[in-house]
Amino acid sequence: MSSHGAAVDPWAEMADELAELKDQKRLRQRSLIDGKAGRQVVWVDGQGGGRRHKLINWASNDYAGLAQDRRVINGAARALRSYGAGATGSRLLGGGLRCHRRLEQRLAQWLGVDDCLVTTTGYQANLALLVALANSSEDVVIVDRLAHASTYDGIRLSAASLLRFAHNDLEDLERKLALSVASRRRLVCVESVYSMDGDEAPLRAIAEICARHQALLVVDEDHALGVLGPGGRGLCAELGVQPAALVGTCSKGLGAQGGFIAASQTVVDLVVNRGRSFIFSTAPVPAAMGAAVAALDVLRREPDIPERIQAQSAQLRAALAEQGWSVPAGRSAIIPVLVGDEQRSLDLALALRQAGHYAPAIRPPTVPAAGCRLRLNPSLAHTKADLRRLIAAFAELQTSRS
Numbered sequence: 004m005s006s007h008g009a010a011v012d013p014w015a016e017m018a019d020e021l022a023e024l025k026d027q028k029r030l031r032q033r034s035l036i037d038g039k040a041g042r043q044v045v046w047v048d049g050q051g052g053g054r055r056h057k058l059i060n061w062a063s064n065d066y067a068g069l070a071q072d073r074r075v076i077n078g079a080a081r082a083l084r085s086y087g088a089g090a091t092g093s094r095l096l097g098g099g100l101r102c103h104r105r106l107e108q109r110l111a112q113w114l115g116v117d118d119c120l121v122t123t124t125g126y127q128a129n130l131a132l133l134v135a136l137a138n139s140s141e142d143v144v145i146v147d148r149l150a151h152a153s154t155y156d157g158i159r160l161s162a163a164s165l166l167r168f169a170h171n172d173l174e175d176l177e178r179k180l181a182l183s184v185a186s187r188r189r190l191v192c193v194e195s196v197y198s199m200d201g202d203e204a205p206l207r208a209i210a211e212i213c214a215r216h217q218a219l220l221v222v223d224e225d226h227a228l229g230v231l232g233p234g235g236r237g238l239c240a241e242l243g244v245q246p247a248a249l250v251g252t253c254s255k256g257l258g259a260q261g262g263f264i265a266a267s268q269t270v271v272d273l274v275v276n277r278g279r280s281f282i283f284s285t286a287p288v289p290a291a292m293g294a295a296v297a298a299l300d301v302l303r304r305e306p307d308i309p310e311r312i313q314a315q316s317a318q319l320r321a322a323l324a325e326q327g328w329s330v331p332a333g334r335s336a337i338i339p340v341l342v343g344d345e346q347r348s349l350d351l352a353l354a355l356r357q358a359g360h361y362a363p364a365i366r367p368p369t370v371p372a373a374g375c376r377l378r379l380n381p382s383l384a385h386t387k388a389d390l391r392r393l394i395a396a397f398a399e400l401q402t403s404r405s
């Protein structure tokens, strides 16, 4: 009912919402890639009915280039043949297969924790963990302002109160912990590498603050695994930080699919019993489990993969900065080219596409209005020629801008 008591047409309201987004040029649509989502993609306009464009893909999360690696594909194929196309049930009701447990054991061994719990996505892992750990109205979750949407959604689904602290601001974190001293259980949620800026959290200092305040530290390592740390084990492993729980994904540095929680046996058991998004979801498909195990084998055999990713990222950052683009320093495979103006970011993305590169504009609501950017994700699947072409395309754009 409206404020005047008259019935409101829900379909008209939804149509109005979409029309408003369209007027703002913020109406999102599904993209369509014809064929593999590798270093080179065939982009199809109009969700399937338009022109086809062959583009070098700079938007992929496949940092180590493993998604199209024959060894990883063979691992998926073996699991598919052995276990079938689907798990057919939840982990607690007949869908728990040996391939799930095998990946959990391999991840636990790799990360040096008691146990792991695999989930269908990294998003689901955050939901399950936060609902399980923050299960009382007396709990508080203190989260970095730039944390992923799945972290915020997990907090909203939990019983806890939410406090935000300014991005990577240790003093503000201390203030929020002081405000919540009377709480039953306090969680601090951060990412080791942030998805839009590619910057790193000061994890060692955050861990020390959490220990001093007896707060539980949860670290999302989605964008660090395979990229940072010894053998690609992430920033926690590099710095010797042991969080109460580590959330990860197999869909980025490992080139596969699925999420996981790595923690003590107590935390994992609590998620199995309290994590609703885990309990009530069909288990991950076997092929994804086989692919992830194979990817871990590749990382073990090629321990220099993180160094190669970082070197490639450093080369691209340096070249763009030398041209005068606003590119923050960093080691990750996420390289934001800060533009500021929304229309300018769209124009640059279009110009790059016309030059044969897919590098989409990132704009509100994903980032603030003044923080519009292009986000480049170089991958080990890219060739040296790909990087040279991209650098040349940016040089041409800078010349035309001048």
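First residue of the sequence shown: 4, per our numbering; consecutive thereafter. Positions of the beta carbon are idealized from the N, C-alpha and C atoms, including for glycine.
DSSP lists 377 as the bridge partner or partners of residue 364. DSSP places residue 235 within a helical segment (H, G or I) once states are collapsed to three.
A direct Cα-Cα distance of roughly 30 Å separates residue 202 from residue 403. In this structure, the straight-line span from the alpha carbon of residue 193 to that of residue 347 is close to 31 Å. Taking one beta carbon from each stretch, the stretch 283-302 and the stretch 69-76 have 3 or more pairs nearer than 8 Å; the two touch.
If you ignore the 5 residues before and after residue 254, its C-beta comes within less than 6 Å of the C-beta of 260, all in its own chain and listed in chain order. Given a length threshold of 4 residues, each whole run of the alpha helix (DSSP H) inside the stretch 100-183 is given here in chain order: 101-114, 125-136, 152-160 and 173-182. If you check the CB distance, residue 263 and residue 251 come in under 8 Å. DSSP places residue 85 within a helical segment (H, G or I) once states are collapsed to three. When only Cα atoms are considered, residue 184 and residue 225 end up about 30 Å apart. Under a 10 Å Cβ-count criterion, residue 30 is classified as exposed, with fewer than 16 other Cβ atoms of the shown protein chains found around its own Cβ.
Residues of the same chain with a CB within less than 8 Å of the CB of residue 360, apart from the 5 flanking positions on each side, are 58, 59, 61, 392, 393 and 396 in chain order. Boundaries of the beta strand (DSSP E) harbouring residue 46: 43-47, taken from the DSSP string. Note on geometry: alpha-carbon atoms of residue 103 and residue 273 lie some 18 Å from one another. Annotated as distal: residue 48 and residue 154, with beta-carbon spacing of 8 Å or more. The residues 59, in chain order, have a CB closer than 6 Å to that of residue 389 in the same chain once the five nearest residues on each side in sequence are set aside. In the assembly as shown, residue 210 is a buried residue. Its beta-carbon has 16 or more other beta-carbons within 10 Å.
Taking residue 128 as the centre and dropping the five residues before and after it, the same chain places the C-beta of 122, 250, 262, 263 and 264 closer than 7 Å to its C-beta, in chain order. The DSSP assignment places complete alpha helix (DSSP H) segments of no fewer than 4 residues inside the stretch 201-250 at 206-216 and 238-242, in order along the chain.
With three or more CB-CB distances shorter than 8 Å, the stretch 177-191 counts as touching the stretch 143-161. Here DSSP, grouped into helix, strand and coil, assigns residue 281 to helix. In the three-state scheme derived from DSSP, where H, G and I count as helix and E and B as strand, residue 356 is classed as helix. A residue is called buried when at least 16 other Cβ atoms come within 10 angstroms of its Cβ; residue 292 meets this threshold and is buried. Excluding five sequence positions before and after residue 306, the CB atoms of its chain that fall closer than 6 Å to its own CB belong to 234, given in chain order. Out of 247, 87 and 169, the CA that lies nearest to the CA of residue 115 is found in 247. Residue 308 sits in a helix when the DSSP states are folded into three classes. Cα atoms of residue 38 and residue 364: separation of roughly 23 Å, rounded to the nearest angstrom.
By the criterion of a C-beta distance shorter than 7 Å, residue 36 is surrounded in its chain by 44, 45 and 46, once the five residues flanking it on both sides are discounted. Per the DSSP secondary-structure output, residue 57 pairs in a beta bridge with 45. For residue 266, the uninterrupted beta strand (DSSP E) run begins and ends at 262-266, by DSSP. For the pair residue 156 and residue 368, the Cα-to-Cα distance works out to about 15 Å.
Measuring C-alpha to C-alpha distances from residue 382 to each of 320, 256, 93 and 158 identifies 256 as the nearest. In the DSSP assignment, the residues bridged to residue 339 are 378. Between residue 196 and residue 152, the C-beta gap is not smaller than 8 Å, which leaves the two residues out of contact. Between the alpha carbons of residue 187 and residue 214 lies a distance of about 15 Å. Note: residue 189 is bridge-paired with 143 in the DSSP secondary-structure output.
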